[in-house]
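Structural data, given as structure tokens:
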């Protein structure tokens, strides 16, 4: 019920929980992680969109150097009452077309200032994009090394759990043969429980590393 409260809008929605702590989940190579991160990461995409916006801003600012033509067309009713014709028989409906031409001559450098401001905004957008890419590069390296270390630790933890299980089996055989005490059996059982818990923690760390990589690359 607590999990349903966190992830579902309808608490009555049926769901099942699957043990997905599998040690065989593959760790993608760093080049693939880096490529997917650059293509799908929202920070990179936002920075690229900001750069494109800055490019259009420069074009719009430079467009102020050129003459502009504005044409407006209106169609409607010009009357104090709702009717197609006036009492004298003239039509109330009509159309109006008006045009305005703006030829820039001198505006005290306002256009030049806008162009300069747009260029500075583009430069800032380029800096932001470069920083986002470098940040992604650093995150890819760090998360891959973290996942690699967690994957390597799993082998050691699995061996420890196997050794603890074998130690418990041998201790039980010795206990059944009268060569071991009950305290030794309890110690072996405790060691096995600790080893299994450590292995489960290692699995959780490895899956967390994979989840962080998926979050970075935008692939779930």
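In my numbering, the protein residues as written are 265 to 484.
Where is the CB? At the ideal position from N, CA and C, for every residue including glycine.
query	result
Proximity of residue 393 and residue 296 at Cβ, strictly below 9 Å	no
According to DSSP, residues forming a beta bridge with residue 340	358
Residue 493 to residue 282 span [Cα, whole Å]	The question about residue 493 has no answer here: the residues shown for the chain are numbered 265 through 484.
Beta-carbon spacing of residue 405, residue 294 below 9 Å	yes
Cβ contact (3+ pairs, closer than 8 Å) linking the stretch 379-391 and the stretch 314-323	yes
Assumed close pair residue 470, residue 418 - CB separation to whole angstroms, cut-off 8 Å	6 Å
Expected contact under 8 Å - CB spacing of residue 382 and residue 322 to nearest Å	4 Å
Residue 380, buried or exposed, once every other Cβ within 10 Å from all chains shown has been counted against 16	exposed
Cβ distance (whole Å) where residue 480 is taken to contact residue 403 below 8 Å	6 Å
Segments assigned alpha helix (DSSP H), at least 4 residues, entirely inside the stretch 287-340	294-304, 306-326
Opening and closing residue of the alpha helix (DSSP H) in which residue 350 lies	Looking at the DSSP string, residue 350 is not in any alpha helix (DSSP H), and its letter there is neither H nor E.
Cβ pair count under 8 Å reaching 3, the stretch 418-427 against the stretch 298-308	no
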